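2 protein chains.
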Amino acid sequence: MDAADLKFFAAVAKVGGMNRAASKLNTVQSNVTARVRTLEEELGVALFHRGHNGVTLTAAGERLLPYAIKVTHLLDEARKAVKDDGEPRGRLTIGSLETNAALRLLPVIASYSQAFPDVDLVLRSGTTHELIAQVLAHTVEGAFVCGPVDHQDLVEEVFFREELVVLTARTVRSLDDVTRKGDVKIVVHHQGCAYRQILENLLIKRGVVGIRHLEFGTLETIYRAVSAGLGITLLPRSLIGSMWRDNAVSVHGLPEAESRITTVFVHRQDALMSSALKEFLKLARPTPLRMRAAE
Amino acid sequence: MDAADLKFFAAVAKVGGMNRAASKLNTVQSNVTARVRTLEEELGVALFHRGHNGVTLTAAGERLLPYAIKVTHLLDEARKAVKDDGEPRGRLTIGSLETNAALRLLPVIASYSQAFPDVDLVLRSGTTHELIAQVLAHTVEGAFVCGPVDHQDLVEEVFFREELVVLTARTVRSLDDVTRKGDVKIVVHHQGCAYRQILENLLIKRGVVGIRHLEFGTLETIYRAVSAGLGITLLPRSLIGSMWRDNAVSVHGLPEAESRITTVFVHRQDALMSSALKEFLKLARPTPLRMRAAE
DNA sequence: ATGTCGTTATCGTCAATTCAGATAATTCAG
DNA sequence: CTGAATTATCTGAATTGACGATAACGACAT
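Chains D and P, in that order, give the protein sequences. My numbering numbers the first residue of the first sequence as 102 and each following residue consecutively. My numbering numbers the first residue of the second sequence as 102 and each following residue consecutively.
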């Protein structure tokens, strides 16, 4: 049983037709047909039901498919493993939530690309859901997402624990003052849909119905907008303390259950971790000192 | 990267020479050399150090080897998975400890082979250690061994829990009477080294130094030997109660920690379970009724 | 009915690969 | 130096693989 045949088979199963698979595999249809047939002859069973409009898997084909995919991935990984001699090089693709993790990762990325100039670092952005899907699809090697993540095929490691706080204009005494009005404008980083979602849920839970949005590109403008009374926002406490000390806004704590947020790094359990990634995590992993500072 | 090449590569790595691998693979040396070389050219690294007396793996080869083995196994399994349509057939090879589990399994085997005549059932015997090695080596699909087993690649399921008791001649009042003498003869089933080991450890712990053995082929003769005062033995309590009620021997209980023994079924976590095995376990799994009887 | 479009199956041709066997080159032991 | 191992290389035959053209089939619109 040839691995290349299995790759063909998987492609056919995926697109549901030998013609379409052929163009995807940069070959001709007769070739695909032939390889599928050799596979079928070798195994002694039909793998596809041939229809007038493409093919569908037989029961035996269904059983074979997961193996075909697994073998293909395993071979990919073997190639990488052989070439990875412990010295980070090549392309490292990781995912990250857009706001906070990216902000925290920036210094890491800077020192990393200096320390390992042979690595082409690619940072993909997305929501937790999107990023997890990409990790599962082998599109990224791992991702920093909003934890906890519970998935059979994934391993997670907690990287940052943070406390979220609500920022309002200085005149606002408590969060109740805001929610009582029943009509709130929230100011969000235009890329930061994670916090936006959390803040919305939080307000909805408190009975706020009319939520409007203001989007700004930088944290600085968000801060100014809040201090000018244009709306409220949600940020990690550690960010405020370190950046603005002018007390132009009010900081409102939230109950433990709502304020605690963890950023975890997830990657596939079965996939090998490249040296490039190992070194990155080593750099990104908070030192005991930094962890204390983040709390 | 061809799977057949990987198989060749793994064989060469295993036997440490292209010549030897060639004869093992039923081909010629030049062939093996060529395929290894294509693999090396494709990956761009040397996989072997060529020596005057065979070859040894390079660092890159070391990294590739586990993948080569894994892929080979995966392909084997894929073949089985395709052919296994849910109807048990073909060969089912399982391992079992020689005494108790085998005794308990006998009725299961009987009804199983009647229910699934298309399955060639092969029962391999061995010690817990040996059987686990065989499971890991894919020699048997799974095995009934003495639990608990803690291994990363294995899954275990408890099948029987039993209480072991010491049997002595009727005149012996307590176990102390035996151990005080400091010279004990133990009667064991000649195949049953598991209990033998347990009994020896138990006696050694109690300060007995001179242990001699008597071996008999059947439980009946062991029982007779014990009742005649020739020695002592160790058996599951459930076996005694159900077989002999003539009170010709004394039964001595043991402390919880020493008497409790569990028989577990272990199989590889990553390997697929054949329909044949699934059905076997379904039959072997103790019903609530039988479990109560065994306690 | 008929033609068109999209599908898979099949065939012949040619190139590439693979195999087996023979031979060379190397190294170590005696 | 010779002999017994080893791996490397070469060669011709056989096999396999890809390709392109064509056939066969069904669906759908005209």
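For every residue, glycine included, the Cβ atom is placed at its ideal position computed from N, Cα and C. These numbers were taken from a predicted model, which means no experiment stands behind them.
- request: Name, in chain order, the residues that DSSP records as bridge partners for R386 (chain D).
  value: Counted from its first residue, the first sequence places residue 386 (chain D) at position 285. DSSP lists no partner for R386 (chain D).
- request: Could you check what DSSP says for P189 (chain D) in three-state terms: helix, strand or coil?
  value: For the purposes of this step, residue 189 (chain D) is identified with residue 88 of the first sequence, where counting begins at 1. Three-state result, P189 (chain D): coil.
Residue burial classification, P337 (chain P) (beta-carbon count within 10 angstroms, cutoff 16): Reading the second sequence from its first residue, position 236 is the one you call residue 337 (chain P). P337 (chain P) comes out buried.
task: Could you check how far apart the C-beta atoms of T269 (chain D) and R307 (chain D) are, in whole angstroms? I think they sit under 8 Å.
output: Taking the first residue of the first sequence as position 1, residue 269 (chain D) is located at position 168. Taking the first residue of the first sequence as position 1, residue 307 (chain D) is located at position 206. Wrong, their Cβ atoms sit about 14 Å apart, outside the cutoff.
message: Please report the distance separating the alpha-carbon of V259 (chain P) from that of A211 (chain P).
response: Within the second sequence, numbered from 1, the residue matching residue 259 (chain P) stands at position 158. Within the second sequence, numbered from 1, the residue matching residue 211 (chain P) stands at position 110. If you take the alpha carbons of V259 (chain P) and A211 (chain P), they lie about 21 Å apart.
- prompt: Under a CB-based cut-off of 8 Å, is A179 (chain P) close to chain D?
  reply: As a first step, residue 179 (chain P) must be located in the second sequence, where it is residue number 78. For A179 (chain P), the answer is yes, since a Cβ of chain D falls inside 8 Å of its Cβ.
query: Going along chain P in order, which residues have a C-beta closer than 7 Å to the C-beta of K171 (chain D)?
result: Your numbering for residue 171 (chain D) matches position 70 in the first sequence. The contacting residues are L175.
Close-in-space but distant-in-sequence residues of the same chain around A394 (chain D) (CB under 8 Å, 5 per side omitted): Here residue 394 (chain D) refers to the residue found at position 293 when the first sequence is read from its first residue. Any reading at A394 (chain D) must be qualified, since the residue scores a pLDDT of 48, below 50, and its modelled position is unreliable; no value is offered.
query: CB of R271 (chain D) to nearest heavy atom of the ligand GTP: below 7 Å?
result: The ligand GTP is absent from the structure shown, which contains no ligands of any kind.
field: Chain-ordered residues of the stretch 138-164 of chain P with a beta carbon less than 7 Å from chain D
entry: L144, V146, A160, A161 and R164
message: So with CB distances below 8 Å, who are the chain P contacts of Y296 (chain D)?
response: Along the first sequence, one-based indexing puts residue 296 (chain D) at 195. In chain order: nothing, as chain P lies at least about 39 Å away.
- prompt: Can you tell me whether DSSP reads V241 (chain P) as helix, strand or coil?
  reply: What you label residue 241 (chain P) is simply residue 140 of the second sequence in a count that begins at 1. Residue state, collapsed to three classes: coil.
message: So P189 (chain P) and E380 (chain P) are supposed to be a Cβ contact under 8 Å. How far apart are they, rounded?
response: Here the question's residue 189 (chain P) lines up with position 88 in the second sequence. Here the question's residue 380 (chain P) lines up with position 279 in the second sequence. Yes, they are in contact, since the Cβ atoms of P189 (chain P) and E380 (chain P) sit about 5 Å apart, within 8 Å.
query: Between A135 (chain D) and H290 (chain D), what straight-line distance do the alpha-carbon atoms span, to the nearest angstrom?
result: Start at 1 with the first residue of the first sequence, and residue 135 (chain D) comes out as number 34. Start at 1 with the first residue of the first sequence, and residue 290 (chain D) comes out as number 189. Near 54 Å, if we compare the C-alpha coordinates of H290 (chain D) and A135 (chain D).
- prompt: Along chain P, in chain order, which residues have C-beta atoms closer than 7 Å to that of A114 (chain D)?
  reply: Here residue 114 (chain D) is taken as the residue at index 13 of the first sequence, counted from 1. Those do not exist, as A114 (chain D) stays about 13 Å from chain P at its closest Cβ, beyond 7 Å.
message: With the cut-off set at 8 Å, would you say I233 (chain D) and V220 (chain D) are in Cβ contact?
response: Here residue 233 (chain D) corresponds to residue number 132 of the first sequence, with the count starting at 1. Here residue 220 (chain D) corresponds to residue number 119 of the first sequence, with the count starting at 1. Not in contact: I233 (chain D) and V220 (chain D) (Cβ atoms no closer than 8 Å).
- request: Alpha carbon to alpha carbon, how far is K184 (chain P) from L140 (chain D)? Give it in angstroms, no decimals.
  value: Here residue 140 (chain D) corresponds to residue number 39 of the first sequence, with the count starting at 1. Here residue 184 (chain P) corresponds to residue number 83 of the second sequence, with the count starting at 1. Their Cα atoms are separated by approximately 13 Å.
message: Which same chain residues end up closer than 7 Å to V273 (chain D) when comparing Cβ atoms and leaving out the 5 residues on each side of it in sequence?
response: Mapped onto the first sequence, residue 273 (chain D) falls at position 172. Same-chain partners within the cutoff: V279 and S351.
- prompt: How big is the Cα-Cα spacing for A105 (chain P) and E143 (chain D)?
  reply: Residue 105 (chain P) sits at position 4 when you count from the first residue of the second sequence. Residue 143 (chain D) sits at position 42 when you count from the first residue of the first sequence. About 15 Å.
field: Reduced DSSP secondary structure (H/G/I, E/B, other) of R180 (chain D)
entry: Indexing the first sequence from 1 puts residue 180 (chain D) at position 79. In the structure shown, R180 (chain D) sits in a helix (DSSP, three-state: H, G or I).
query: Taking just the CA atoms, how far does L265 (chain P) sit from E163 (chain P)?
result: As a working note, residue 163 (chain P) is residue 62 in the second sequence. As a working note, residue 265 (chain P) is residue 164 in the second sequence. Those two C-alpha atoms are separated by around 46 Å.
field: Opening and closing residue of the beta strand (DSSP E) in which L320 (chain P) lies
entry: The residue you call residue 320 (chain P) lines up with position 219 of the second sequence. Element bounds for L320 (chain P): not the beta strand (DSSP E) but the alpha helix (DSSP H), L320 to S328.
- prompt: Can you tell which of P:I287, P:R205, P:H174 and P:S328 has the C-alpha that lies nearest to the C-alpha of E316 (chain P)?
  reply: Looking up residue 316 (chain P) in the second sequence gives position 215. Closest by alpha carbon: P:I287.
- prompt: Once you ignore the five residues that flank C247 (chain D) on each side, which residues in its own chain have a CB closer than 7 Å to its CB?
  reply: As a working mapping, residue 247 (chain D) is identified with position 146 in the first sequence. L198, T229, A295, I362 and T364, listed in sequence order.
task: Take the Cβ of H368 (chain D) as the centre, count every other Cβ of all protein chains shown within 10 Å, and call the residue buried at 16 or more, exposed below.
output: Translated into the one-based positions of the first sequence, residue 368 (chain D) becomes position 267. When all chains shown are included, H368 (chain D) counts as buried.
DSSP-derived helix/strand/coil call for R274 (chain P): One-based indexing of the second sequence puts residue 274 (chain P) at position 173. R274 (chain P): coil per DSSP, three-state reduction.
task: Note down, in chain order, each residue of its chain lying with its Cβ closer than 8 Å to the Cβ of M102 (chain P), except the 5 sequence neighbours on either side.
output: Indexing the second sequence from 1 puts residue 102 (chain P) at position 1. Only L140, E143 and L144 meet the Cβ criterion.
message: Counting only C-beta atoms, is Y168 (chain D) closer than 8 Å to chain P at any point?
response: Your numbering for residue 168 (chain D) matches position 67 in the first sequence. So, interface residue.
- request: Would you check if the distance between the CB atom of E242 (chain D) and the CB atom of L378 (chain D) is smaller than 8 Å?
  value: Working through the first sequence from its first residue, we reach residue 242 (chain D) at position 141. Working through the first sequence from its first residue, we reach residue 378 (chain D) at position 277. Taking 8 Å as the Cβ cut-off, E242 (chain D) and L378 (chain D) qualify as a contacting pair.
- prompt: Given a limit of 8 Å on CB to CB distance, which residues of the stretch 179-194 of chain P reach chain D?
  reply: A179, R180, A182, V183, K184, D185 and D186
- prompt: Between which two residues does the alpha helix (DSSP H) harbouring E141 (chain D) extend?
  reply: For this step, residue 141 (chain D) is matched to residue 40 along the first sequence. Looking at the DSSP string, the run of the alpha helix (DSSP H) that includes E141 (chain D) is Q130 to L144.
message: One question on the structure: do H353 (chain P) and V285 (chain P) come within less than 8 Å of each other, judged by their Cβ atoms?
response: As a working mapping, residue 353 (chain P) is identified with position 252 in the second sequence. As a working mapping, residue 285 (chain P) is identified with position 184 in the second sequence. The answer is no: Cβ separation not under 8 Å.
message: I want to see whether chain D comes within less than 8 Å of L255 (chain P), judged by CB atoms only; does it?
response: In the second sequence, residue 255 (chain P) corresponds to position 154, counting from 1. L255 (chain P) does not count as touching chain D.
message: So that I know if they touch, is there some Cβ in chain D lying closer than 8 Å to that of M119 (chain P)?
response: By 1-based counting over the second sequence, the position of residue 119 (chain P) is 18. Closer than 8 Å: no.
message: Using 8 Å for Cβ pairs, my map puts L165 (chain P) next to A182 (chain D). What's the rounded Cβ distance?
response: The sequence position of residue 165 (chain P) within the second sequence is 64, counting from 1. The sequence position of residue 182 (chain D) within the first sequence is 81, counting from 1. With 8 Å as the limit, L165 (chain P) and A182 (chain D) qualify as a contact, their Cβ atoms being about 7 Å apart.
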